[in-house]
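Just below is one structure, and these are the notes that go with it.
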Amino acid sequence: MLKVNNLHTYHGFLHVLKGIDLEVLEGELVAIVGSNGSGKSTLLGTLAGVYLPKEGSIIYKDEEITNDGVQMIVPKGICLVPERRQIFSSITVKDNLLLGAYHRYQKDKKTINKDYEDVVEMFPRLKQMLDRPGGLLSGGEQQMLAIGRGLMAKPKVLMLDEPSLGLAPLIVKDIMMILRKLCDEMGTTIILVEQNLKAALKVADRGCVLAHGKIVVSGTSQELLHNPKVQEAYFGKSSKKTEVPFNTGKKEVRGKKLI
Amino acid sequence: MTRENVILKVDNLTKQFGGVIAVNEVSFDVKKGEIFAVIGPNGAGKTTLFNMITGVLPSTSGQVVFENHKLTGKKPYQIAKIGVTRTFQNLEVFSNMTVIENVMTGAHLTMKTNLFTAGLRLPMVVKEERKTMEKAMECLERVGIAHLAYKMSPTLPYGSQRLLEIARAAASNPKLILLDEPMAGLNSEESRQLIEVILKMREDGLTFVFVEHDMETVMSMSDRIVVMDNGVKIGEGTPEEVYQNPKIVAAYLGDEEEDTVYA
Amino acid sequence: MEKKDLKKIYHNSPAGPIIFTVLLFLMPVFISSNYIFTIFIMIGFYALVCNGMTMLTGFAGQISLGQATFYGIGAYSSAIVTGTYGLSPWIGMIAGMILGALIALIVGIPTFRLKGHYLALATLGFGIIVYTSFKEMKDLTGGSNGFFGIPTINLFGFEFNNDLRYFYLVWVFVMIGLIFSRNIIHSRIGRALRSIEGSEVASDAVGVNIMNYKLQAFMLSAMFASLSGSLLAHYVTFINPELFGAMTSIYFLLMVIIGGSSSIWGSIVGAATYVLLGEILKQLVPMFLPSAGGEFEIMFFGILLVVTLIYMPNGLYPQFEKLFSKFKKKKEKVQPPLQVGGDRVASGGENQ
Amino acid sequence: NSDSKSASGSNESDSDTIKIAGIFSSSGGAAPLGEPGLETLKMIVKKQNEEGGINGKKIELVTYDDKSDQNEAVLAMKKAITQDKAVAIIGGTISGNALAMLPLSEQNKVPFISTASSRQIHQKEDGTAREWVFKMPQDDSHAVEKLLQYLKEKGHSKVAWLNVANSFGTGAHAEFKKSARKYGIEAVIEDEFEATVKDAKPVLTRVKKAKPQALIVWGTVQETSVVIKNIRELAIDLPVLGSHGIGSQQIFNLAGDSANGVIFPGGRLIVADQLSDTDPQKEILLNYKEEYEKEFKKPVSLFGAHPWDGFYILVKALEEKGTDRAAIRDYLENNTSEFVGLAGVFSLSPKNHNGLTPDSLVMIKIENGKWVLEE
Amino acid sequence: MEVHSQVIQLLFSGLTIGSIYALIAIGFVIIYNVTGVLNLAQGEFAMFGALISISLINAGLPLWAAVIFSMLIVSVIGALFERTAIHPARKSSVPTLIIITIGCSIAFRGIAILIWGTQPQSLQPFTDNTPIKFLNAVLLPQSIWSIGIAILILFAMIYFFNKTFVGKALTACVVNPFAARLMGINPEKMSLLAISASAGLGALAGIVTSPISGASYDMGMMLGLKAFVAAVVGGLTNAPAAIAGAFVIGILESFTEGLWSSGAKDVVSFSMLLLILFIKPEGLFAKASGKRV
Ligand SMILES: Nc1ncnc2c1ncn2[C@@H]1O[C@H](COP(=O)(O)OP(=O)(O)OP(=O)(O)O)[C@@H](O)[C@H]1O
Ligand SMILES: Nc1ncnc2c1ncn2[C@@H]1O[C@H](COP(=O)(O)OP(=O)(O)OP(=O)(O)O)[C@@H](O)[C@H]1O
Ligand SMILES: [Mg+2]
Ligand SMILES: [Mg+2]
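Here it is in structure tokens:
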């Protein structure tokens, strides 16, 4: 579906992506994790055409899209839900969602309304505030809106940059479920960037760990979860972090993973 | 809990936006040196609560008292002067400055230079600048982004910008810092380091109130927690008390039993 | 570990201003044309106004389209104090600056509650009101006919009555102004001002009294403009309201931007570019198009402006900076130029 | 000091050209007035040079556009004096600019022949003449007095006065206030309109209520046309009088039929063919008109005429006195009498650096796209 | 009765002036909405429209053809303006963009002098211009044209921005161009579209005005400034509100002029404006801005 070869991207003089090779199959959910500043957002940005790579190639369904700008990539069905939500702040929630379907409004006008209903159903929280300007929503509500808007695009490849950011645990679960369902039922290909390795790998088919602009480890979720190298590279030395007891330190309630 | 210990007192605070009651008669006390968490589902009113405490939004009713100062009705800069600063959920770094200047601006209140002494660049100004710069560097080192000091702040990755905001808030020698989702965008290792930073600052006498959705952080860092839902306070207590309260678990955490791996 | 040295953030060396001043003040040794001096005097007037505006626009991010008002207030204060009441020009100058600052304060208090373009409009509107008052208060200002007979400046019996002397007078003021405002920019005050442009809420949250700082910047810029107006009045000895209309305000903003508002030096560069470009076109255009009149000049003027700003959106000064840094021996690596506005995406969200 | 330095430059008698500077507003708000002036000056200098120049020396004309801006005017003046070292300067299209320029001519002792009209240009506050400044157009007071004379003859004693809100209008307004009483005329309403007026009906509704016997609209072409059109639209059926500033063909275009019947004090130039043959100006007026219209393919305008007068007065002085600035000044002041120019017959004197009278103007009526001499 | 007719007269005048400002203000707002640029060259489009249509009519074209052609020509000028000046500088800061538009307006004026000279010109009224009497006040058919066109466009704008997808997409472009691009909206194309459309509308404003107040190369600046004012009074981001703002200003001006003094016109209307701004800092008809922290 999407094939990335030796991708190099720069921000000005800063060499951020240093040769990424990645292949994503149709209907697959791939998680990309990595520490702060490792280039995750840059990678998604490059795939979506926001940044142009200096070197390497991106091939989508046998078609080279390496140097196509966002404008040409979006209509092909590749959609990015960006970092920091980027909602249209002075536009109502409803119109925000509808604008998500902009690139296909001429082609299938009829289905848009149905999709809109579906998306609103997925986020009951948003249902109460459809006429409010998007910028007045709470952080998490904005995040839902951004995701919802991405879903409205009905893309073939959906990329999400830290979708769980700012969302309550309960909602994160829902979202992950929705993503999984999208893969399974609609055959959408999903690339998911997450800070939280566990949460991401839980839903993903496969995962890659990005460090300093390179993919250092990749494999199926199960493999990664149990790969000691990953544990070390990613969590630092003590992988027991999740076992940190409560501050009061009296009782070990924590045995179950929270997220 | 003795009264002298209470540093921040939130009393029946309410905020109404048109028809929406975002915060509904919320009250709680924060003790000196405490790390206090506010949790709750999205849209519960946590950020709005912070906005009222720091004066960004006027409250509809109720009041906030910090030490002996009534904060209600004061402007943010006045509240900062009293010793309360904050970070922002949606990141508000000064994008036209380098990282270190951001932090030096954070130290604004600790400085005395005025228009005329600055214009004439009296020796005391130079001295103060130097001191502030050292202080700013120290703050950056603390949160671990000193190596980025001379970069323009918008080029920092998201996570580092969060750290920058915390360093900036700390630079003003506040007594209380409010953190709105400090861990968002940090991975577990990074959050852990930040927790340590915060715990260390607490030892220096700082008090923290923070909002966070990352339960690991909340559970491991906070002394006490207030839980909000739909603008109302639905619970309060130590992490374990909260964690065992079925009402809270249902409203916020979800049923923990099924620990499904979806894939 | 990073070196903790202020020089890494602020280039505050006195070398720049000193070299510039020396070169400038030596100019009369080589040039004796009064015309050239007049040009430099004009540049000086504009540079002084732009200097204040750079602080306001470039650093506090507030667009004023009413700066000619203060320029006019200074000019008329001086004219009235010296021409009508026969007092010393210095009193006029100081009176003008105080009045300018006071008016800036009064106007600023309601105006700075407004944001962005509303502020631009409010200052524009205020400018038009004052401009109309200059015209209508005929007894005081002479109305549209103008104000005659403004005396020249004298200092302890030394008359600034020719271009050479005036050249020195004006540029002493300009350089003092430049150093003063550069010092401000490189200090707590400057950071506070810039933080307002960066993010008002955050600025407020770290304890910057935004209103207070905006007002200070506005008042200071008003004082600079007023001072410049006073100097103008004593130089041309005749003023009329047309000098202080909305177009003049717009041209001031133009100079600030073309010079580059990220540095105080930009104000001098901008003023010089504006005046020199006009003069050079006046010289060149008839050489190539002998039959052409003024229309060609303004056309080229407009086109050159646009082209310059397209290629150098941060104004001309950063180009000079690059040039200088080439000459300088590389003691320390020079900071990369600010990427102001270069990537609005990264700062996210709102774009208004 | 530097004054003597720059003044000495002009005395180089060995140079084989005579430098004259022309400073006009050929762009900006006053461009419609400045352009014909500049064109005329270029035309007659060329002609003079073709005819052998002055005492065998060619005239070199340097011209500047002051963009209708006072600062630009000052800069241009400075340049003309100190760089070009012009013997004399002709120009200053609008009064504001001329007023800003003249201190330079006084300081540097260079004859300045103004083509802008304010009386303050050639007269100091105390009524004495400025030493180095001469002014070719009629004073506003001449035009106003001519108008008042006319009104008195017609027996209109209650009038409405409207002027454009710039120095052209307010200057005349001051003159009007000064002289109206003398002619037994009273203004029942006095007001202003903007030079950029789009619709003057609001003011006119008030004028109408004041019930005047005649209406004076003092402005230049564009704004006057708008006001006149509005007067007709409101069906205010009163005599309308204009200023000498509307004596341009443009008024026919802009005001169309509304202009019919408007009467104004104007120079003889535009009604030259209707003048009686005994009129001393008739011949030169017709000649100028013919030459200008041939050269530029557009009708003459009164504003073009002033540089003509200035130039030929100067030529006489140059022929007699060479390029010595002081001598020229003295000659201009003392030896120009009964000079027949386009604007009128000039008699300059040390007391009067304009030398025209109200009779240099005639009342002209607009009739179906034509100028008609009234009287 | 006398007073009545005066008030009505003033109202007519105010509406006429207001409609002229409105036509330019709309273009102003559209450009602002789509590109975030405060286009101070907007008035020059009116100037081009007026002068081009006069030339076309003098060349023998019938009025309707001249109107259409000159609108088209000015739209092309607008498109060129967008491509050569706005587009390459789109990432610059707000003041830089403002100054670029000022630079363009200066250049446009220079071009206009080159082509048409400095003399003002005039256009015949669209239709027979016998004043219509109404309670002793007169209304000119040309004013009706002008007011009518402004109102027609008002409704068109309301429909376009609130009801059509493209209208919403246009708004999205300025609110967040980055996100707009991610949605497949092409801000560059929108910007080209918006600027040439506004240029066309500006041209129309100029054409409608010239029978009323004549046309000359320098008519643009003042019109542009007043339109700016109108747009801001309306709230800057909302085309219908800008039109309303323009009428408010026109009427205010005409009433001060008619009831008090013309000299005070600008003072009164600007003081009033400042007052409005101080009371309602976001403009008279602004919607919630959607900004919070
Ligand atoms: N616009 C930009 N200009 C310059 N450098 C940039 C820009 N955007 C990102 N960078 C740099 O590129 C590197 C990678 O950034 P990126 O945002 O891709 O990281 P990330 O993995 O998404 O981090 P995070 O988890 O914090 O979001 C960082 O070092 C950052 O400083
Ligand atoms: N200015 C406003 N106008 C209208 N409604 C608002 C405004 N600000 C906030 N709200 C609403 O108030 C509610 C509380 O918002 P708040 O931002 O405080 O939530 P939160 O608890 O911080 O949520 P999150 O965890 O998602 O950040 C939300 O439903 C939000 O939509
Ligand atoms: Mg990222
Ligand atoms: Mg929140």
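As you go down the protein sequences, you meet chains A, B, C, D and E in turn.
Heads up: the first sequence runs through residues 1328 to 1586, numbered per this note's numbering.
Heads up: the second sequence runs through residues 423 to 685, numbered per this note's numbering.
Heads up: the third sequence runs through residues 180 to 531, numbered per this note's numbering.
Heads up: the fourth sequence runs through residues 1214 to 1588, numbered per this note's numbering.
Heads up: the fifth sequence runs through residues 897 to 1189, numbered per this note's numbering.
By construction, the Cβ of each residue, glycine as well, lies at the ideal position given by its N, Cα and C atoms.
Since this is a predicted model, take the numbers as computed values, not measurements.
Chain C contacts made by the segment 1379–1390 of chain D, where a contact means CB separation under 9 angstroms: Asn1379, Ser1380, Phe1381, Gly1382, Thr1383, Gly1384, Ala1387
Partners in chain A for methionine 1086 of chain E, counting only beta-carbon separations shorter than 9 angstroms: Near methionine 1086 of chain E there are no residues of chain A at all, since even the closest Cβ is about 11 angstroms away, more than 9 angstroms.
Exposure label - proline 193 of chain C; buried when at least 16 CB within 10 Å: exposed
Coarse secondary structure for threonine 331 of chain C, derived from DSSP in three states: coil
Heavy atom of ligand 3 within 6 angstroms of glutamate 1410 of chain A beta-carbon: yes
Min CB distance proline 579 of chain B to chain A below 7 angstroms: yes
Local Cβ density within 10 Å of phenylalanine 1389 of chain D, reported as buried at 16 or more and exposed below that: buried
Exposed unless 16 or more other CB atoms sit within 10 angstroms - verdict on arginine 1411 of chain A: buried
Sub-7 angstroms separation of methionine 434 of chain C and glycine 457 of chain C beta-carbons: no
Three-state secondary structure assigned by DSSP to leucine 906 of chain E: helix
Pick from C/Gly251, C/Val286, C/Val380, C/Thr427 that is closest to asparagine 384 of chain B, judged by C-alpha positions: What the structure shows of chain B is the stretch from 423 to 685, and residue 384 of chain B is not part of that stretch, so it cannot be assessed.
Rounded Cβ spacing between glutamate 550 of chain B and serine 378 of chain C (contact assumed at less than 8 angstroms): Not confirmed; about 24 angstroms, so no contact.
As assigned by DSSP and simplified to three states, the class of tyrosine 414 of chain C: helix
The segment 554–569 of chain B / the segment 338–348 of chain C touching (three or more Cβ pairs under 8 angstroms): no
Contact test: phenylalanine 439 of chain B Cβ vs ligand 2 heavy atom, cutoff 6 angstroms: yes
Per-residue DSSP class, three states only, for methionine 1399 of chain A: helix
Alpha carbon of phenylalanine 431 of chain C to alpha carbon of glutamine 902 of chain E, nearest angstrom: 42 angstroms
beta-carbon asparagine 1363 of chain A near ligand 5 non-hydrogen atom, thresh 6 angstroms: The ligand content of the structure shown is limited to ligand 1, ligand 2, ligand 3 and ligand 4, which means ligand 5 is not among them.
For phenylalanine 1477 of chain D, the three-state DSSP class (helix, strand or coil): strand
Cut-off 6 angstroms between Cβ atoms - residues of its own chain near threonine 470 of chain B, not counting five sequence neighbours on either side: Lys437, Ala444, Val445
Closer than 7 angstroms to chain C by CB, leucine 1170 of chain E: yes
Cβ of valine 1104 of chain E within 7 angstroms of any chain D Cβ: no
Any non-hydrogen atom of ligand 1 closer than 6 angstroms to lysine 1594 of chain A Cβ: The structure shown does not extend to residue 1594 of chain A, since chain A is modelled only from 1328 to 1586, so the question has no answer here.
Same chain, Cβ closer than 7 angstroms to aspartate 1572 of chain D, five either side skipped, listed in chain order: none
Residues of its chain near phenylalanine 977 of chain E, where Cβ-Cβ distance is below 8 angstroms and the 5 sequence neighbours each way are ignored: Ala937, Cys1000, Ile1091, Ala1095
For glycine 1098 of chain E, the nearest candidate out of E/Leu959, E/Lys987, E/Ala942, E/Gly914 (CA to CA): E/Ala942
Short CB-CB distance (under 7 angstroms) between serine 366 of chain C and chain B: yes
Min CB distance arginine 646 of chain B to chain C below 7 angstroms: no
One or two residues paired with threonine 1276 of chain D in a DSSP bridge: D/Gly1235
Identity of the residues DSSP links to tryptophan 1374 of chain D by a beta bridge: D/Glu1403, D/Ile1429
Secondary structure of valine 515 of chain B, DSSP reduced to three states: coil
Histidine 1338 of chain A: CB within 6 angstroms of a non-hydrogen atom of ligand 1: yes
Chain-ordered chain A contacts of tyrosine 572 of chain B [CB-CB under 9 angstroms]: What tyrosine 572 of chain B touches in chain A: nothing, since even the nearest Cβ is about 14 angstroms away.
Separation of valine 1420 of chain D from glutamate 1399 of chain D, as counted between CA atoms: 14 angstroms
Own chain partners of alanine 685 of chain B with C-beta closer than 8 angstroms, once the 5 adjacent residues on each side are dropped: For alanine 685 of chain B, the pLDDT reaches just 41, beneath the cut-off of 50, and the residue's location in the model is therefore unreliable, although a value from the coordinates is still provided. So no residue of the chain qualifies.
Chain A contact residues for alanine 1065 of chain E, given Cβ-Cβ distances below 7 angstroms: Leu1426, Tyr1429
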